[in-house]
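Inspection log for the structure reproduced underneath, given as structure tokens.
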Amino acid sequence: MAGRLVASFLRRLAPTVSVRADLELDAGDHRVMVLFGPSGSGKTTILRCLAGLDRPQEGFIRFGEEVWFDRAARINRSPQQRRLAYVAQDYGLFPHLTVEGNIRFGMDAGSHTRDRAETILRTVHLEGMSQRLPTQLSGGERQRVALARALARDPRLILLDEPLAALDLPLRDPMRLELRQFLRSIDVPSVVVTHDRVDALTLGDRMAVLSGGYIRQVGPIHEVFSRPFDLAVAASVGVETVVPGDIVDSGNGLVTVRVGASHLRVAQAAVMPRSVFACIRAEDVILETAPRGDVSARNQLTGRVTAIQPDGGVVRVTVDCGFSLSALITRPACDELQLTEGAMVTAVVKATAVHLIPREIP
Amino acid sequence: MDWSAIVLSLRLATATTLILLVVGLPLAGWLALSHRRGRWAVDALVALPLVLPPTVLGFYVLVALGPRSPVGHAYEAITGSRIVFSFQGLLAASVLYSLPFAVQPFAAAFAAVDRNLIEAAWCLGASRVRTFTRIVVPLARPGIVAGVVLSFAHTVGEFGVVLMVGGNLPGSTRTVSISIYDDVQALDYARAGRTAALLLVFSFVVLAMTYRLQRHSGRAWPAGS
């Protein structure tokens with residue numbers, strides 16, 4: 070039974086500071102929504118309001134047919150009544166209960182809870198650990214127990230607050246992919262709060278960018294990264310082209326990624342799944358008026374200039390070369406190239422400047 | 010040695026502590042975890058016996074439970090005996106007098122429980138009561154033990170309230186401290202010394218054992234301390 074989350078609310082944190090959220094989220098193909106923004110932008114506040122731990126001052130939160138919060142109708146359902154999974158940044162495992170005790174805590178009392186706990190532990194690869202205490206687990210194991218415990222209630226909505234922030238760096242890469250696969254394997258909408266670009270790109274289907282207390286832009290994740298709506302969004306996500314692609318060939322430390330109608334050559338030693346995001350920072354793109362001679366290990370992409378936006382001392386140029394590519398060049402360079410909208414240019418990108426982010430387990 | 014006084018003191022302390030557990034745990038939970046208006050007033054009320062002279066508290070209890078008060082009158086109508094100068098009256102006074110010694114350590118221990126764990130329990134569907142009994146109380150165990158020990162020891166040692174409310178009836182209201190006082194008044198220093206020494210040893214042993222237990226449990230229950 071998949072529900073649809075519709076929320077529009079405002080929570081005042083201080084007389085002049087407030088957080089406003091307008092969100093819609095479905096199960097289905099775009100079920101993982103990333104709430105992205107710098108620390109202090111209000112991400113956790115939004116998540117806590119959705120969970121019922123904080124109460125907004127205005128607006129409403131609806132889930133499917135249910136009203137979870139409505140200021141005008143004076144409805145405020147408790148976290149217990151919302152039947153959702155909320156995992157805080159530090160996971161909130163009960164230190165005096167074993168792994169099994171933690172997982173069974175959220176289950177409705179009744180028979181078979183022990184068997185069901187075992188089944189859930191298997192799905193998160195923690196079989197045999199049911200009698201351990203949380204202090205006897207690694208960071209990654211603790212995260213899995215927290216997820217398993219949250220899922221044991223068959224939640225209708227999953228809320229994760231910085232799920233990877235408490236992990237050591239070497240653990241983050243594998244856990245990130247594991248979490249992505251996990252969130253995709255259940256047909257429940259999820260909201261994931263993060264301030265990390267790689268976390269956002271790996272985990273999310275859609276992304277909402279928060280800045281200054283409200284959501285500036287919502288859209289498919291690569292679109293938000295590639296086409297920031299305004300300067301505030303661009304500043305928080307970084308000026309970068311992010312496009313979905315498929316790996317069509319690999320060998321000798323070089324892989325070829327098909328992106329739209331173009332192919333990118335990428336220096337990449339690690340084994341990658343077929344489906345990836347290709348990321349190119351705007352300052353790594355060089356623009357030329359005409360293709361140069363064959364330069365190995367470089368990508369030369371010819372396309373039409375679609376936008377020229379001055380931004381301080383630099384100019385942001387968008388080139389349509391089978392996909393929309395952002396380039397950041399200096400003003401003198403822009404004048405020298407005599408760029409105008411509609412002009413043909415060649416964008417040169419080193420194979421080492423393309424960064425791939427895997428989207429599924431290889 | 011005044012054995013009947015010693016037995017009476019232990020009986021009184023045990024009963025007081027049990028009542029304080031039943032009354033004090035929910036009261037402390039409310040004080041520590043709820044954010045209702047008017048909490049400060051209850052806080053102050055609970056702490057009152059800490060600053061009031063025991064004789065003042067004893068005086069009010071005496072008046073409140075006396076045969077002419079509604080409470081005392083009702084008690085007499087039901088049981089046929091008076092509540093003042095009886096063990097039951099003494100018990101009521103000593104519960105009131107030891108209330109802060111139980112409630113304050115309980116409340117401090119509850120307030121120290123990680124708020125995230127309480128919210129995690131709510132999000133897992135646990136009611137406030139279940140969250141309290143399954144998460145908050147177990148994690149606050151060291152503080153609860155401290156409150157129990159303090160209120161027990163405090164009841165064994167109380168003097169002023171007992172004198173006001175209990176009087177000095179052997180076997181029903183004559184506690185250890187009163188017995189020692191009587192012996193000193195009667196210049197029987199040897200008897201007073203024996204009772205006092207026993208009380209001293211007993212108090213030390215109880216406290217030492219509690220600290221030892223606390224230290225042991227501290228390892229298994231890291232988040233509660």
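Line by line, the protein sequences are chains A and B. Residues in the first sequence are numbered consecutively from 70, following my numbering. Residues in the second sequence are numbered consecutively from 10, following my numbering. From the three backbone atoms N, C-alpha and C, an ideal C-beta is built for every residue, glycine too.
Problem - Contact with chain D by B/I144, beta-carbon distance below 8 angstroms - result: The structure shown contains no chain D; the protein chains it does contain are A and B.
Problem - When A/L74, A/S110 and A/V328 are compared against A/V88, the one with the closest alpha-carbon - result: A/S110
Exercise for the section: Ignoring anything shorter than 4 residues or poking outside the region 142-196 of chain A, list the alpha helix (DSSP H) runs there in chain order. Expected result: 148-151, 168-174 and 182-192
Practice task
Compare the C-alpha of A/G236 against each of A/E135, A/Q212, A/L122 and A/D91 and name the closest.
Solution key: Note on identity: in this sequence residue 236 of chain A is Leu, with Gly being the wrong assignment. When C-alpha distances from A/L236 are compared across A/E135, A/Q212, A/L122 and A/D91, the shortest belongs to A/Q212.
Exercise for the section: Evaluate contact between the region 158-178 of chain A and the region 126-140 of chain A, counting only Cβ atoms and requiring at least three cross-stretch pairs below 8 angstroms. Expected result: no
Practice task
Give the DSSP-derived three-state secondary structure of B/H163 in the structure shown.
Solution key: In the structure shown, B/H163 sits in a helix (DSSP, three-state: H, G or I).
Practice task
Please decide whether A/Q126 counts as near chain B, where near means a Cβ-Cβ distance under 8 angstroms.
Solution key: no
Problem - Sheet register partners of A/M413 (DSSP bridge) - result: A/R373
Practice task
Taking B/S136 as the query, report the chain A residues whose CB atoms sit under 8 angstroms from its CB, ordered along the chain.
Solution key: Q149
Handout entry: Cβ-based neighbour list, A/F163, same chain, cut-off 8 angstroms, excluding 5 preceding and 5 following
Key = So the qualifying residues of the chain are G170, N171, F174 and P203.
Exercise for the section: Would you please state the rounded distance, in angstroms, between the beta carbons of B/V170 and B/S18? I believe it to be under 8 angstroms. Expected result: In fact, because the Cβ distance is near 13 angstroms, the residues do not count as touching under 8 angstroms.
Practice task
Select from A/P313, A/R285, A/V302 and A/L279 the residue whose C-alpha is nearest the C-alpha of A/H291.
Solution key: A/P313
Handout entry: Alpha-carbon spacing of B/W49 relative to B/S43, whole angstroms
Key = 11 angstroms
Exercise for the section: Would you please verify whether the beta carbon of B/E236 is less than 8 angstroms from any beta carbon of chain A? Expected result: This structure cannot speak to residue 236 of chain B, because chain B is shown only from 10 to 234.
Problem - Three-pair Cβ contact test at 8 angstroms for the region 147-164 of chain B versus the region 181-201 of chain A - result: These segments do not touch.
Exercise for the section: Could you please give me the residues that DSSP links to A/A33 through a beta bridge? Expected result: This structure gives no information on residue 33 of chain A, because the portion of chain A shown stretches from 70 to 431.
Exercise for the section: May I ask you to verify whether the region 418-425 of chain A touches the region 342-354 of chain A, counting CB pairs closer than 8 angstroms and requiring at least 3? Expected result: yes
Practice task
State yes or no: is the C-beta of A/V257 within less than 8 angstroms of the C-beta of A/R225?
Solution key: Yes, they are a contact pair.
Problem - Residues of the region 163-186 of chain A with Cβ closer than 8 angstroms to any Cβ of chain B, in chain order - result: Listed in sequence order: F163, P164, H165, F174, G175 and D177.
Practice task
Give every residue of the same chain whose Cβ lies closer than 8 angstroms to the Cβ of B/A24, excluding the five residues on either side of it in the sequence, and list them in chain order.
Solution key: L100
Practice task
Out of A/L195, A/P148, A/R222 and A/R183, state which residue places its alpha-carbon closest to the alpha-carbon of B/G128.
Solution key: According to the sequence as given, residue 128 of chain B is Glu; it is not Gly. For the residues A/L195, A/P148, A/R222 and A/R183, the minimum Cα distance to B/E128 belongs to A/P148.
Exercise for the section: Would you please verify whether the beta carbon of B/P147 is less than 8 angstroms from any beta carbon of chain A? Expected result: yes
Handout entry: Proximity test, Cβ basis, 8 angstroms: B/L222 and chain A
Key = no
Practice task
Label A/I115 either buried or exposed according to how many other C-beta atoms from any shown protein chain fall within 10 Å of its C-beta, with 16 as the threshold for buried.
Solution key: Under this definition A/I115 is a buried residue.
Practice task
Write down every uninterrupted run of the beta strand (DSSP E) in the region 286-349 of chain A whose length is 3 residues or greater and which is fully enclosed by it, in chain order.
Solution key: 309-320, 323-328 and 331-336
Exercise for the section: Less than 8 angstroms between the CB atoms is what I'm expecting for A/R400 and A/V384, so what's the real figure, rounded? Expected result: Right, the Cβ-Cβ distance comes to about 6 angstroms (below 8 angstroms), so this counts as a contact.
Practice task
Would you verify that the beta carbon of B/L21 is, or is not, closer than 8 angstroms to some beta carbon of chain A?
Solution key: no
Problem - Simplified DSSP assignment, three categories, for A/R81 - result: strand
Problem - Distance between B/A22 and B/V16 (C-alpha atoms, nearest Å) - result: 10 angstroms
Handout entry: chain A contacts made by the region 36-55 of chain B, where a contact means CB separation under 7 angstroms
Key = Listed by position along the chain: nothing, the set is empty.
Practice task
Starting from the beta carbon of B/A155, find every residue of chain A whose beta carbon is closer than 9 angstroms, and list them in chain order.
Solution key: Neighbours of B/A155 on chain A: none; closest Cβ ~18 angstroms, over 9 angstroms.
Practice task
Please go through the same chain and pick out, in chain order, the residues whose beta-carbon is closer than 7 angstroms to the beta-carbon of A/G209, but skip the five residues on each side of it.
Solution key: L236, L240 and M244
Practice task
Look at the alpha carbon of A/A277 and the alpha carbon of B/L54, and state the distance between them as a whole number of angstroms.
Solution key: Just so you know, the alpha carbons of A/A277 and B/L54 end up roughly 50 angstroms apart.
Problem - 7 angstroms Cβ cut-off: residues of chain A touching B/A129 - result: A157 and G161
Handout entry: Beta-carbon separation (whole angstroms), A/L206 vs A/V193, contact threshold 8 angstroms
Key = That belief does not hold up - the Cβ atoms of A/L206 and A/V193 are roughly 12 angstroms apart, past 8 angstroms.
Handout entry: Neighbourhood of A/N145 by C-beta distance below 7 angstroms, restricted to the same chain and skipping five residues each side
Key = Cβ contact annotation for A/N145 (same chain, cutoff 7 angstroms, sequence separation greater than five): R124 and F138, in chain order.
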